[in-house]
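Novice: Please see the structure below; I have some questions.
Protein chains: 2
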Amino acid sequence: LLSKPAPKGKDRLLIYMGEVGPIWSYPEAALDCVVADPKKGTKMYGLKSYIEYQVSPNTTNRPVNHRYKHFDWLYERLLDKFGSAVPIPSLPDKQVTGRFEEEFIKMRMERLQGWMTRMCRHPVIATSEVFQLFLSYKDEKDWKMGKRKAEKDEAVGAMIFSTIDPEGLPDLDPIDVEHKCEQFSRFTRAMDDGVKDLLTVGQEHWKRCTGPLPKEYQRIGKAFQNLSSVFNSSGYEGEATLTDALTQAGKTYEDIALMVAEQPKKDLHYLMETNNEYKGLLGCFPDTIGVHKSAIEKVKEGDKLVATSKITPGDKITMAKRASTMSYALQAEMNHFHSNRIYDYNRVMRLYLEEQVKFYETIAEKLKHAHSQFTAM
Amino acid sequence: LLSKPAPKGKDRLLIYMGEVGPIWSYPEAALDCVVADPKKGTKMYGLKSYIEYQVSPNTTNRPVNHRYKHFDWLYERLLDKFGSAVPIPSLPDKQVTGRFEEEFIKMRMERLQGWMTRMCRHPVIATSEVFQLFLSYKDEKDWKMGKRKAEKDEAVGAMIFSTIDPEGLPDLDPIDVEHKCEQFSRFTRAMDDGVKDLLTVGQEHWKRCTGPLPKEYQRIGKAFQNLSSVFNSSGYEGEATLTDALTQAGKTYEDIALMVAEQPKKDLHYLMETNNEYKGLLGCFPDTIGVHKSAIEKVKEGDKLVATSKITPGDKITMAKRASTMSYALQAEMNHFHSNRIYDYNRVMRLYLEEQVKFYETIAEKLKHAHSQFTAM
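Chains A and B supply the protein sequences, listed in that same order.
Using my numbering, read the first sequence as starting at -18 and increasing by one per residue.
Using my numbering, read the second sequence as starting at -18 and increasing by one per residue.
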């Protein structure tokens, strides 16, 4: 496991020492793509239908078409090739029923977009041949050939570590490696708990906001309007201002009911989606970390293995070097994760709070108007 | 029932024709009073304690002291003397346990104030001897004498109608009277339903606002703060801005939780109190209306009674006149009720909406601040 042939220069994945520690080598221009325009296609003379999405990378600006199953194919390739070092989050769930419903297609597209954006942001993935093929194949023939080549790629699994090159960086001590590993493991577990907690709270809040709460505002609205129509039947002159204002106030609370019910789609939705993405991502880490842990164990047994002549002293040195490389990779990956996490949570919290502010301001505005309809005293 | 001696000039209750129909004669200056400053007093060398309230009318500006049982005495006198024509709302409930607790005393005082304000506003009550005694007795002796006199007053029950004088107004047709009676009866029943509906909705909303809703905001707040402290443990440099902002956002939702829980006391409370008052008031009307209905029945039987010599033709004319007077009184009372209702509901809705606007504006303000703590991108 620890001894693999050296990689060819072209495929080497460089790691540098950045301000925050080891980091991947990032491309100068950030790759990005847009997933849009879902279209129904048919095959076998209309016997089979599917949804095709247009994927446009910012490099070529030329859209290519992909079905969900192509994304799934890409996912499998990335997992095989990079999964040992890079957590590859799952795709949005497969679904059999209702997959031609507009709401579902929109949601899947949004999640495929989120997944692709995350993949584009990862320097190892973004620069890989298979990912580039997916984004910018020239024609069907190009795609078919590329596919076949990728499927035959033998540099998969733990092979990734032999292509990683912490260029010029000193070997790490296995104890340090172990320590880093533990620390990151603790962090991802804690974050997993935090994310799940937020998701649970968010789900309950969603239910309340779309269920009992708007019903209650609606009932308040109806009660005001009902009182208004009773007042209207009094036969007493000169209370039109009050009854009109009361009706208006009632309608305002009905408006608020609708607003409350619609609001989660505008803010909580994105908070939930981001946390769902992170839940998926965090779920990949135990495996990634596990690979490292077993490598470290092996290195720690090194002296024993040499003593019992199971490996040569040279092998032992190679093993230690490889474990060090793995730790550099893990640390680069951690730093990539952290910087993305900061970016994503900052972004989604801003969006959430922005929409919440708008929501409460709009309610205040509506109520102010309702208030102005009553006679000042 | 229908034949009573004519009143003396001084006690006559005049009814005029106003723009909206028959109205009571209102005093030039509106009577008002302040109920304040509850103090614990003792009797029998400290064996018995009670709460005494200061009641200060705007006429004398001199406070007089009254215990709850004095208010209750006043209520009984007013009910005896005016209850047939004027709905006298019940006092706030008697209570045996916890009646020295601050919260209870405050609430009772507020309700006694509400009751007194309503009584002060009624021209028949406000100008009555017993009410004036209650508000402005000079000393203990004056109070004791006045009490005894009021308790001996024989002009009670249906006698009120013989003191009412629709000065110079033509007698009303019994059919018209019956119609007016029916209309008002329908209105009060419908309003009673409307008020009870609003009270039910309000109670449920109160429960939600003080129970599950703030708990949920609190949990959202805790989830944000929890995530912030997980982030804080990442060991990654330079995310203090995010973790601080996330903590801030979490605390903001905890603040909102408190605000949500406190809000009903600031707005819903007054809406509920007003509706509770009206529920009480509306509960008095069936009796008032019943007195009229039976009078009208008697008048409709008039010809038969004359034919069978049970009454004289002169009695019949007197009966019709009295029924007409009763209807004038009912209409004056209706118009009094309607104008007060418009005033009270306009006032309480303005107050409610004003506080609601403040509430939502404050939340928006707090969230805006929380939003500003995140890094702009």
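Don't be surprised by glycine CBs; every beta carbon is placed ideally from N, CA and C.
Mind checking N46/A: buried by the 16 CB within 10 Å criterion, or exposed?
Specialist: By one-based count along the first sequence, residue 46/A stands at place 65. When all chains shown are included, N46/A counts as exposed.
Novice: Below 7 Å CB to CB, which residues in the same chain sit around P70/B once its five sequence neighbours on both sides are set aside?
Specialist: Residue 70/B sits at position 89 when you count from the first residue of the second sequence. Closer than 7 Å at Cβ, skipping near neighbours: W96, R99, E258, G261, L262, C265.
Novice: Does the distance from the C-beta atom of T233/A to that of L348/A stay below 8 Å?
Specialist: Start at 1 with the first residue of the first sequence, and residue 233/A comes out as number 252. Start at 1 with the first residue of the first sequence, and residue 348/A comes out as number 367. Yes, Cβ-Cβ distance for T233/A and L348/A is below 8 Å.
Novice: In chain order, which continuous runs of the alpha helix (DSSP H) of length 4 or greater are located wholly inside the segment 220 to 306 of chain A?
Specialist: Fully enclosed alpha helix (DSSP H) runs of 4 or longer: 221 to 247, 249 to 281, 283 to 288.
Novice: Give me the Cβ distance between V338/B and A345/A, rounded to the nearest whole Å; I'm assuming they're in contact under 8 Å.
Specialist: Position 357 of the second sequence, counting from 1, holds the residue named residue 338/B. Position 364 of the first sequence, counting from 1, holds the residue named residue 345/A. V338/B to A345/A, Cβ: 5 Å. Contact.
Novice: Less than 8 Å between the CB atoms is what I'm expecting for Y251/B and V329/B, so what's the real figure, rounded?
Specialist: In the second sequence, residue 251/B corresponds to position 270, counting from 1. In the second sequence, residue 329/B corresponds to position 348, counting from 1. So it is a contact: roughly 6 Å between Cβ atoms.
Novice: Could you tell me the distance, in whole angstroms, from the CA atom of G295/B to the CA atom of E335/B?
Specialist: For this step, residue 295/B is matched to residue 314 along the second sequence. For this step, residue 335/B is matched to residue 354 along the second sequence. Cα-Cα distance, rounded: 60 Å.
Novice: Near H352/A, what residues of its chain come up, given a Cβ to Cβ distance below 6 Å and the 5 sequence neighbours on each side ignored?
Specialist: As a first step, residue 352/A must be located in the first sequence, where it is residue number 371. Within the same chain, H352/A has no close Cβ partners at all.
Novice: Strictly by DSSP, which residues pair up with E33/B?
Specialist: The count along the second sequence starts at 1 and reaches residue 33/B at position 52. BP columns for E33/B point to K20/B, R48/B.
Novice: With 8 Å set as the bound, which would you pick, yes or no: does the beta-carbon of L311/A sit closer than that to a beta-carbon of chain B?
Specialist: For this step, residue 311/A is matched to residue 330 along the first sequence. It does not: the Cβ of L311/A has no partner Cβ on chain B nearer than 8 Å.
Novice: Does chain B have any CB closer than 8 Å to the CB of F112/A?
Specialist: Looking up residue 112/A in the first sequence gives position 131. No, its Cβ sits nowhere closer than 8 Å to a Cβ of chain B.
Novice: How far does the alpha helix (DSSP H) with M90/B in it extend, from its first residue to its last?
Specialist: To locate residue 90/B, count along the second sequence from 1; it is residue 109. Segment 83 to 102, the alpha helix (DSSP H) holding M90/B.
Novice: Can you tell me the Cα-Cα spacing of A139/B and I277/B, whole angstroms?
Specialist: Stepping through the second sequence from its first residue, residue 139/B is reached at position 158. Stepping through the second sequence from its first residue, residue 277/B is reached at position 296. Distance between the alpha carbons of A139/B and I277/B is about 14 Å.
Novice: Is it the case that the segment 190 to 210 of chain A contacts the segment 161 to 179 of chain A, given that we only count it when at least three CB pairs across the two stretches are under 8 Å?
Specialist: Too few Cβ pairs lie closer than 8 Å, so no.
Novice: Give the single residue among Y198/B, S214/B, E254/B, S209/B whose Cα lies nearest to the Cα of D236/B.
Specialist: As a working mapping, residue 236/B is identified with position 255 in the second sequence. Considering only alpha carbons, the answer is Y198/B.
Novice: Determine, using beta carbons only, whether G216/B comes closer than 8 Å to chain A.
Specialist: Within the second sequence, the letter at position 235 stands for residue 216/B. Judged by the 8 Å Cβ criterion, G216/B is in contact with chain A.
Novice: Taking just the CA atoms, how far does G(-1)/B sit from K142/B?
Specialist: The residue you call residue 142/B lines up with position 161 of the second sequence. The residue you call residue -1/B lines up with position 18 of the second sequence. The residue you asked about is not Lys; residue 142/B is Phe in the sequence shown. Computed Cα separation, rounded: 20 Å.
Novice: Hey, quick one: how far does the beta strand (DSSP E) through P3/B stretch, first residue to last?
Specialist: In the second sequence, residue 3/B corresponds to position 22, counting from 1. Note, P3/B: beta strand (DSSP E), 2 to 5.
Novice: Does the segment 175 to 195 of chain A come within contact of the segment 157 to 166 of chain B, defined as at least 3 CB pairs closer than 8 Å?
Specialist: The segment 175 to 195 of chain A, when compared against the segment 157 to 166 of chain B, does not touch it at the 8 Å Cβ threshold.
Novice: Check whether the Cβ atoms of T356/B and M240/B lie closer than 8 Å to each other.
Specialist: The sequence position of residue 356/B within the second sequence is 375, counting from 1. The sequence position of residue 240/B within the second sequence is 259, counting from 1. Result no, Cβ atoms of T356/B and M240/B do not sit closer than 8 Å.
Novice: In the segment 342 to 357 of chain B, which residues sit with their C-beta less than 7 Å from some C-beta in chain A, listed in chain order?
Specialist: Under the 7 Å Cβ criterion, the segment 342 to 357 of chain B contributes E342, I344, A345, L348, K349, A351, H352, F355, T356.
Novice: In whole angstroms, what is the alpha-carbon distance linking D248/A and Q184/A?
Specialist: The residue you call residue 248/A lines up with position 267 of the first sequence. The residue you call residue 184/A lines up with position 203 of the first sequence. D248/A and Q184/A: Cα-Cα distance of roughly 13 Å.
Novice: Can you find the residues in the same chain that come closer than 6 Å, C-beta to C-beta, to L286/A, ignoring five residues on each side of it along the sequence?
Specialist: Looking up residue 286/A in the first sequence gives position 305. Only I292 meet the Cβ criterion.
Novice: Given Y31/A, which residues of its chain have a CB within under 6 Å of its CB, disregarding the five upstream and five downstream residues?
Specialist: The residue labelled residue 31/A in the question sits at position 50 within the first sequence. The residues are G22, R48.
Novice: Using a cut-off of 9 Å between C-beta atoms, extract the partners of F266/B located in chain A.
Specialist: Mapped onto the second sequence, residue 266/B falls at position 285. In chain order: nothing, as chain A lies at least about 13 Å away.
Novice: Can you give, in chain order, each stretch of the alpha helix (DSSP H) that sits fully within the segment 95 to 155 of chain A and has at least 4 residues?
Specialist: Runs found: 104 to 107, 110 to 117, 121 to 133, 141 to 144.
Novice: Give the C-beta separation of V105/A and L(-6)/A to the nearest angstrom, bearing in mind that I take them to be a contact with Cβ-Cβ under 8 Å.
Specialist: Locating residue 105/A in the first sequence gives position 124, counting from the first residue. Locating residue -6/A in the first sequence gives position 13, counting from the first residue. With a Cβ gap of about 6 Å, V105/A and L(-6)/A count as contacting.
Novice: Which two residues bound the contiguous alpha helix (DSSP H) that contains L194/B?
Specialist: Against the second sequence, residue 194/B aligns to sequence position 213. Start and end: 193 to 213.
Novice: Which residues in chain B have a C-beta closer than 9 Å to the C-beta of G64/A? List them in chain order.
Specialist: By one-based count along the first sequence, residue 64/A stands at place 83. In chain order: nothing, as chain B lies at least about 23 Å away.
Novice: With M25/A as the anchor, note down where its beta strand (DSSP E) starts and where it stops.
Specialist: Locating residue 25/A in the first sequence gives position 44, where the first residue counts as 1. First-last for M25/A: undefined, no H or E at that position.
Novice: Determine whether the Cβ of E185/A lies closer than 8 Å to any Cβ atom of chain B.
Specialist: Here residue 185/A corresponds to residue number 204 of the first sequence, with the count starting at 1. True, the Cβ-Cβ gap to chain B drops below 8 Å.
Novice: Using alpha carbons as the reference points, say which of E121/A, H186/A, K302/A lies closest to G149/A.
Specialist: The count along the first sequence starts at 1 and reaches residue 149/A at position 168. Of E121/A, H186/A, K302/A, the residue nearest in Cα terms is K302/A.
Novice: Taking Cβ positions only, does Y(-8)/B come closer than 8 Å to chain A?
Specialist: Taking the first residue of the second sequence as 1, we reach residue -8/B at position 11. At residue -8/B the sequence reads Asp, which differs from the Tyr that was named. No, no contact with chain A.
Novice: Name the chain A residues whose beta carbon is nearer than 8 Å to that of Y326/B?
Specialist: Within the second sequence, numbered from 1, the residue matching residue 326/B stands at position 345. Those within 8 Å of Y326/B in chain A are L208, F212, L223, L227.
Novice: Could you name the residues of the same chain whose beta carbon sits closer than 7 Å to that of M300/B, not counting the 5 residues immediately before and after it, in chain order?
Specialist: If you number the second sequence from 1, residue 300/B lands on position 319. Hits under 7 Å: L(-17), K279, V280, G283.
Novice: Mind listing the chain A neighbours of F168/B? Cutoff is C-beta to C-beta under 8 Å, in chain order.
Specialist: Position 187 of the second sequence, counted from the first residue, corresponds to residue 168/B. Correct list: V211, S214, S215, G216.
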